[in-house]
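Written below as structure tokens is the structure these notes are about.
There are 2 protein chains.
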Amino acid sequence: MAKIRQRKNSTRKETIIETAARLFRERGFSATSMRDLAEQVGVEAASLYNHISSKAEILQELCFKVANEFMGHIDKVEAADLTAIKKIEAILRFHIQQMLHHYEEVYVSDREWKHLTDPYLSNIQTQRKVYRQRIASIIEDGIKKQEIKNIDAPTAVLIMLHAVSGIESWHRSREKISGEVLEENMITILIGGLRNK
Amino acid sequence: MAKIRQRKNSTRKETIIETAARLFRERGFSATSMRDLAEQVGVEAASLYNHISSKAEILQELCFKVANEFMGHIDKVEAADLTAIKKIEAILRFHIQQMLHHYEEVYVSDREWKHLTDPYLSNIQTQRKVYRQRIASIIEDGIKKQEIKNIDAPTAVLIMLHAVSGIESWHRSREKISGEVLEENMITILIGGLRNK
DNA sequence: AAGGATAACTAACATTTGTTACAGCTTAGT
DNA sequence: ACTAAGCTGTAACAAATGTTAGTTATCCTT
Numbered sequence: 005m006a007k008i009r010q011r012k013n014s015t016r017k018e019t020i021i022e023t024a025a026r027l028f029r030e031r032g033f034s035a036t037s038m039r040d041l042a043e044q045v046g047v048e049a050a051s052l053y054n055h056i057s058s059k060a061e062i063l064q065e066l067c068f069k070v071a072n073e074f075m076g077h078i079d080k081v082e083a084a085d086l087t088a089i090k091k092i093e094a095i096l097r098f099h100i101q102q103m104l105h106h107y108e109e110v111y112v113s114d115r116e117w118k119h120l121t122d123p124y125l126s127n128i129q130t131q132r133k134v135y136r137q138r139i140a141s142i143i144e145d146g147i148k149k150q151e152i153k154n155i156d157a158p159t160a161v162l163i164m165l166h167a168v169s170g171i172e173s174w175h176r177s178r179e180k181i182s183g184e185v186l187e188e189n190m191i192t193i194l195i196g197g198l199r200n201k
Numbered sequence: 005m006a007k008i009r010q011r012k013n014s015t016r017k018e019t020i021i022e023t024a025a026r027l028f029r030e031r032g033f034s035a036t037s038m039r040d041l042a043e044q045v046g047v048e049a050a051s052l053y054n055h056i057s058s059k060a061e062i063l064q065e066l067c068f069k070v071a072n073e074f075m076g077h078i079d080k081v082e083a084a085d086l087t088a089i090k091k092i093e094a095i096l097r098f099h100i101q102q103m104l105h106h107y108e109e110v111y112v113s114d115r116e117w118k119h120l121t122d123p124y125l126s127n128i129q130t131q132r133k134v135y136r137q138r139i140a141s142i143i144e145d146g147i148k149k150q151e152i153k154n155i156d157a158p159t160a161v162l163i164m165l166h167a168v169s170g171i172e173s174w175h176r177s178r179e180k181i182s183g184e185v186l187e188e189n190m191i192t193i194l195i196g197g198l199r200n201k
């Protein structure tokens, strides 16, 4: 009946949520049972409920934590004194780095948010929509200033954001180039694709 | 006790699989029950088993059908007399068009193949790996011939393929640009990002 | 050493899951 | 109209699901 082995600077609840993030990524939210999660944490399923109130709550915490980080970042970028293309580059780099260093959480919140229930579902849907519109606005500004090719801004956003989620394949691949090189390659292709020559 | 209402040129089994594709896209494979599927088909759950042998079989049929189409196409592209960059463009356009016109199937097979079980799982994993390597080889050829920027080929593949899956957002969006315009925008950005100026 | 708080365990629950058995209806070919 | 095959519905199954109740062990503070 040993207590949950916890790493320093990490509460029991955080341990559970981190483990859940990994399982949700590997198997998906619906295909992960509370007994699976308990086993990985090293505890009986019922014991999890001393730390979390439901399976749904775990997904909520993951999704809103990630959403907050991206929202916080775009606030700063919008306020910064940068050209439009540099702003887009900054956002792209942030996405890449989040995907590199907080892989499980970011990936899960991007793929599994549909399993949220209202009011959380509506909230996240709205946040995602607003977030994309804010990026689209920066791109449209860049098009006006002729820094960016004359393209459909929502399409550009969609390409950017989905391309980043491809980092999942990088994580799972055997022969990895370094994270830094990956980032530069992605920037080269995507910013190169957007920039007016 | 009416029989399954079937559209012309479509067997009962095909009707079931098409309906399943839509539900698997909307809710995911694991979160879709056979009773959900039966309801959408307009039948009791048990009756489905006169046409399919298991839930798993539905996913298998979807995944292998899509895989075969992509494999068949890349065969043709490799055999064609085209520059490397034109080959990549052809593959990209095929992906976009498949995603536009066979949305449900393509999207589901791309997102839910992890829920296959062996030997189907291993088979699809291998096919996906080989497919990506074949694209990467074309890109590397293009780099040698200086048609394409000096980038990491697997990274370029990853960006291409994941960017295309962003068409899901386009399908769900209200104010849609046309499929043709979408395609041209995606080609502009992605091929523009790869091509050596 | 004691006591209270925390967190673990066992057991059980009501549902939901994929699937099967079986009997009755429907349709197609004669 | 008759029969055989095909399709559907009802009922049921064992297993798995998320969660709760109640009990016991462990830890921290004093």
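If you're matching them up, the sequences are chains A and B in order. Going from the first sequence to our numbering is simple: count from 1 and add 4. Going from the second sequence to our numbering is simple: count from 1 and add 4. Quick reminder that beta carbons are idealized off the backbone N, C-alpha and C, glycines included. All figures in this text were calculated on a predicted structure; none of them were measured in a lab.
- At least one C-beta of chain A is nearer than 8 Å to the C-beta of GLY196 of chain B.
- Interface annotation for the region 167–187 of chain A against chain B: ALA167, VAL168, SER169, GLY170, ILE171, GLU172, SER173, TRP174, SER177, GLU179, ILE181, VAL185, LEU186, criterion Cβ-Cβ distance under 9 Å.
- For ALA35 of chain A, the neighbours in chain B by C-beta distance under 9 Å run, in chain order, GLY32, PHE33, SER34, ALA35, LYS118, HIS119.
- Using a Cβ-Cβ cut-off of 8 Å, LEU165 of chain B is close to GLY170 of chain A, given in chain order.
- Sequence-distant Cβ neighbours of VAL45 of chain A in its own chain, meaning closer than 8 Å and more than five residues away, are ILE8, THR19, ILE20, THR23, LEU52.
- Contact annotation: the region 157–164 of chain B does not touch the region 152–162 of chain A, with fewer than three C-beta pairs closer than 8 Å.
- Distance from the CA atom of ILE152 of chain A to the CA atom of GLN129 of chain B, rounded to whole angstroms, is 38 Å.
- With a threshold of 8 Å between beta carbons, ASN189 of chain A makes contact with chain B.
- Taking the Cα positions, SER57 of chain B is about 51 Å away from ASN200 of chain B.
- Considering only beta carbons, no part of the region 77–97 of chain A lies closer than 9 Å to chain B.
- The Cβ-Cβ distance between LYS59 of chain A and MET38 of chain A falls below 8 Å.
- Annotated three-state conformation of ILE100 of chain A is helix, per DSSP.
- Inclusion of ILE191 of chain A and LEU96 of chain A in the CB contact set at 8 Å is warranted, their separation being smaller than that value.
- In this structure, B:ASP156 is the residue among B:VAL134, B:GLN102, B:ASP156 with its C-alpha nearest to the C-alpha of GLU144 of chain B.
- Counting the other Cβ atoms within 10 Å of the Cβ of HIS105 of chain A gives fewer than 16, which makes it exposed.
- In the structure shown, the three-state DSSP call for ILE181 of chain A is coil.
- Boundaries cannot be given for LEU86 of chain B, as no alpha helix (DSSP H) includes it and DSSP labels it neither H nor E.
- Taking C-beta atoms as the reference points, LEU198 of chain B and ILE92 of chain B count as a pair closer than 8 Å.
- From the beta-carbon of ILE155 of chain A, the residues of chain B found nearer than 8 Å are ASN189, THR192, ILE193.
- In the displayed model, ILE56 of chain A falls within coil according to three-state DSSP, outside both helix and strand.
- If you ignore the 5 residues before and after PHE33 of chain A, its C-beta comes within less than 7 Å of the C-beta of LEU63, GLU116, HIS119, all in its own chain and listed in chain order.
- Judged by DSSP secondary structure, ASP122 of chain B falls outside any alpha helix (DSSP H); it is assigned neither H nor E.
- Look at ILE128 of chain A here: in three-state DSSP terms it is helix.
- Note that the C-beta distance between HIS99 of chain A and VAL185 of chain A is not below 8 Å.
- For ILE152 of chain B, the beta-bridge partners assigned by DSSP are B:ARG199.
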